[in-house]
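K.L.:
Structure in structure tokens, see below.
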Ligand SMILES: [Mn+2]
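This is how it looks when you write it as structure tokens:
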């Protein structure tokens, strides 16, 4: 198999956000990518490609085989027609624009897409869905990110059920959740309290989870990274 190229989104920070950064560099910008996403792709046999925000997604999409939208700050509520109700994780509008454009290019080319946490929310908003802006029971930010926080149950005829079986215990590092579902999406994973934990496009090309598989100790064998790499390789 030719190892497919999987584009990974990240975020932008300033030098002053980084502990130990010399003060003279504090005003400079950094592109930041949590390494565990790339590790998951590498372990599954793919080649991760970090996509900086200055890039026009249309200029790289032809060379990518798949896309992974990573976690991060809140999506600007204005993007789904709501007023901000919380400022816990302030929006990064430039990132919103970049990822919305990236999803449009992925759709145009039928690239497989894996959304993780904020990535799931972005998939939903891109297709016209909305979000609940603050759901504290799922915001377990005072525990290690490997913590098994709650169970999720998968719809039996879904991609996620093919990958994971009937259910799984996952971490929970999100305070926003899907409210109204976007176009051509279905809910395929749900927590006991009814929170949406997984969505898929009806054609199975886009799969997104609300938890962070890349932070769990099971990451090296997590089938979701195998799915995106295989789907990308088969294009
Ligand atoms: Mn959760």
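Residue numbers (the numbering used here): 39 to 273.
Heads up, the beta-carbon is just placed ideally off N, CA and C, and yes, glycines get one too.
1. Any chance the CB of residue 265 is under 7 Å from a heavy atom of ligand 1?
2. Counting pairs of beta carbons, one from the segment 228-247 and one from the segment 171-189, are three or more of them closer than 8 Å?
3. Could you check if residue 233 belongs to the surroundings of ligand 1, using beta carbon to heavy atom distance under 7 Å?
4. Comparing C-alpha positions only, which one of 70, 118, 66 and 138 sits nearest to residue 171?
5. So, with DSSP's three-state summary, where would you put residue 168?
6. What's the gap between the Cα of residue 55 and the Cα of residue 102?
7. Who are residue 44's beta bridge partners in DSSP?
8. Whose C-beta lies closer than 8 Å to the C-beta of residue 79 among residues of the same chain, with five residues either side of it excluded?
9. Comparing C-alpha positions only, which one of 74, 100 and 134 sits nearest to residue 113?
10. Less than 8 Å separating the beta-carbons of residue 208 and residue 225?
11. Using the beta-carbon count (16 or more within 10 Å), is residue 184 buried or exposed?
P.N.:
Let me spell this out:
1. no
2. yes
3. yes
4. 118
5. coil
6. 31 Å
7. 86 and 104
8. 44, 46, 85, 86, 106, 263, 266 and 267
9. 134
10. no
11. exposed
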